[in-house]
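**Q**
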Amino acid sequence: MKFALGIVGALMVANFSLATMCPHPVDLVFLLDSSESFRTSGFEEAKTFVQNVVNYFTLGEDDTRVGVVTYSNIDAQVTRIKLNDNYTRVELLTGIRNIPYDRGHTFTGLGLDHVRNYSFLEENGRRSNTLDFLILLTDDEPEDSVSGPAQSVRDMGITVFAVGVGEESDISQATLETIAGDPSRVFRLTDHDFLVDDSHPRIIREAICDATQCPALTAPDNGALSTTATSYQTVVTFTCNTGYVLNGAVTATCTADITWTNPVPTCTPIQCPILTAPANGALSTTVTSYQTVVNFTCNTGYVLNGTTNTTCQADGTWDNPVPTCTPANLCEPHPCDNNATCRLLGSTFECSCDVGLVGDGFNCSVVQCHVLTAPVNGALSPTGRRQYQDVVTFTCNPGYSLVGTASLTCLLNGTWSASPPTCNRKAPIPLCGALTAL
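Going by my numbering, the first residue of the sequence shown is number 58, and it counts up by one from there.
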């Protein structure tokens, strides 16, 4: 009955969802204990276990290849299926089911030697571009030494999983660890009945699939990686964003010991040439990395000739040259009153009002003379307040004569050119006496 269940179960599992299958190709060999301790029913369950594990892998010449070896007596190490046997999934499962039971002794060390000497040879299907795995299934202590043979198998780069069936008294933990070389690759089933429970093959599948994976890589800051794949022999290429340069190896390869050949590199900003501040000026920063913006200023009394900033570009050059600082013309733009003249005095300037104007040079007004009054018995023209260079003319009434200057001019200092004149009465014309006749 269990035989029938094994065939039916294997064929059903052959059609399960691909989502549960390990996508990474491996060379997978099973080494089955065919000794008396397993008994016929236990050996049939062991073959069901192998079928269930196999069904978690994509099979094919370029996918996972499977081999099966049985061992028992000194001369009973037999290759039942080679890695390069040409088979379909159903043919493989049927071939596993048809493996005969030997009922011999437990020479596990000789079984390991057989695997090393025959199963994992290139002529028998071993590939150089996939990882190699051996699953040893036993329920009894070996009758020979396993330490050396197991180490020799592992020295070939083969990852070994040891599955022990039974209690510690049947097969010790120490023996299983000696075979596997790592406690994490030891699995114990306390009874043969557990061999047909699919949860254990699933755990084996996960362990093998995980063992083909290097740790996940993350892209370097300001960079990227070509793939997130982590399986054996995956080559990841690293690149940096525009304006950044890669420091380290450009690629990393996942190796057989599930480590990357190189660490993730770093991406550092491209550096532009160091800038110096313009003479009589300053710059805002001495940083020279990609996208840095440097601002330029000039000292007091100097003006900037050129662009006020420059940016470090992706090609390692600045987009603008360093400007110059030249002495400033403090009279430009004109800082004085519109009616004043600006004159440079070293690092400062002076504003002077134009001729005829008074003020501090920033505010200028026209020079004015005081208001003149007409002389008594006279008049002046024009009247009112007068400005620089205005002329006022004086006249006297009839019968009066002008004494002084008839015209006065408003001078630059705000005074008149002379004192105002006066009007004096003219002397009377003398009258002649009456004429007498001769």
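C-beta atoms are modelled at their ideal positions from N, C-alpha and C, and glycine is treated no differently. Note that the structure is a prediction, hence the values are computed from the model and not measured.
By how many angstroms is the C-alpha of G238 removed from the C-alpha of R211?
**A** 8 Å
**Q** Helix, strand or coil: which one does DSSP assign to L167?
**A** helix
**Q** Just the C-alpha distance for T318 and N304, rounded to the nearest angstrom, thanks.
**A** Between the C-alpha atoms of T318 and N304 there is a straight-line separation of about 15 Å.
**Q** Using the Cα positions of A276 and L282, report the straight-line distance between them to the nearest angstrom.
**A** 5 Å
**Q** Whose C-alpha, out of V412, D120, S464 and I327, is nearest the C-alpha of G373?
**A** I327
**Q** Can you check DSSP and say which residues form a bridge with A281?
**A** T296
**Q** Quick one, which of L85, D189 and H162 has its alpha-carbon nearest N112's?
**A** L85
**Q** Check A475 in the structure and name its three-state DSSP category.
**A** coil
**Q** Assess, as a yes-or-no matter, whether the region 176-190 is touched by the region 147-165 under the definition of 3 or more beta carbon pairs within less than 8 Å.
**A** no
**Q** Straight-line CA distance for K483 to P432?
**A** 15 Å
**Q** Is T235 helix, strand or coil when you go by DSSP?
**A** In the structure shown, the three-state DSSP call for T235 is helix.
**Q** If we ignore side chains and look at the alpha-carbon of each, how far apart do L465 and V448 end up?
**A** 6 Å
**Q** Just list the residues that DSSP pairs Q444 with in beta bridges.
**A** For Q444, DSSP records a beta bridge to Q425.
**Q** DSSP on C271, reduced to helix/strand/coil?
**A** coil
**Q** Under three-state DSSP, which class holds G373?
**A** coil
**Q** Beta-carbon of T136 versus every beta-carbon of chain C: anything under 8 Å?
**A** Chain labels in this structure do not include chain C; a single protein chain is all it has.
**Q** CB F218 to CB I260, shorter than 8 Å?
**A** No, they are not a contact pair.
**Q** Under the assumption that C399 contacts C408 (Cβ atoms under 8 Å), give the Cβ distance between them as a whole number of angstroms.
**A** With 8 Å as the limit, C399 and C408 qualify as a contact, their Cβ atoms being about 6 Å apart.
**Q** I'd like to know whether the C-beta atoms of D254 and G223 end up nearer to each other than 8 Å.
**A** no
**Q** With a floor of 3 residues, list each beta strand (DSSP E) that falls wholly inside the region 308-332, ordered by position along the chain.
**A** 308-310 and 323-326
**Q** Do you know how far the Cα of V83 is from the Cα of G152?
**A** 20 Å
**Q** Tell me which same chain residues have a C-beta within less than 8 Å of the C-beta of Q348, skipping the five on either side of it?
**A** G300, P326, T368 and C369
**Q** Given a threshold of 16 other Cβ atoms within 10 Å of its Cβ, counted over all protein chains shown, does Q230 qualify as buried or as exposed?
**A** exposed
**Q** If you compare alpha carbons, which of V344, N337, L401 and V412 is closest to L383?
**A** First, the residue type needs correcting, since residue 383 is Thr and not Leu in the sequence shown. Of the candidates V344, N337, L401 and V412, the one whose C-alpha sits nearest the C-alpha of T383 is N337.
**Q** In three-state DSSP terms, what is D411?
**A** coil
**Q** Short check: CB of V424 to CB of L414, under 8 Å?
**A** yes
**Q** Go ahead and pull the three-state DSSP assignment for C399.
**A** strand
**Q** Quick one: is D497 buried, meaning 16 or more other Cβ sit within 10 Å of its Cβ, or exposed?
**A** The structure shown does not extend to residue 497, since the chain is modelled only from 58 to 495, so the question has no answer here.
**Q** P378: which of L387, N366, C388 and E389 sits nearest, CA to CA?
**A** In this structure, N366 is the residue among L387, N366, C388 and E389 with its C-alpha nearest to the C-alpha of P378.
**Q** If I measure Cβ to Cβ from F419 and keep anything under 8 Å in the same chain, skipping five residues before and after, which residues do I get?
**A** P392, C393, D394, A397 and C408
**Q** Using the Cα positions of G124 and L169, report the straight-line distance between them to the nearest angstrom.
**A** 14 Å
**Q** Can you tell me the Cα-Cα spacing of G148 and S226, whole angstroms?
**A** Reading off the sequence, residue 148 comes out as Glu, not Gly. Roughly 37 Å between the two C-alpha positions.
**Q** Using 8 Å as the Cβ pair cut-off and three pairs as the minimum, do the region 92-107 and the region 243-253 touch?
**A** They touch, by the three-pair rule.
**Q** Between N386, C271 and G416, which lies nearest to F406 when the distance is taken from Cα to Cα?
**A** N386
**Q** Only counting the same chain, and skipping five residues up and downstream in sequence, which positions put a Cβ closer than 6 Å to that of R160?
**A** In chain order, E93 place their CB closer than 6 Å to the CB of R160, counting only its own chain and leaving out the 5 sequence neighbours on each side.
**Q** Measure the C-alpha to C-alpha separation of G66 and T269 and round it to an integer number of angstroms.
**A** Summary for G66: the model assigns pLDDT 43, below 50, so the residue's position carries little reliability, and this model does not support an answer.
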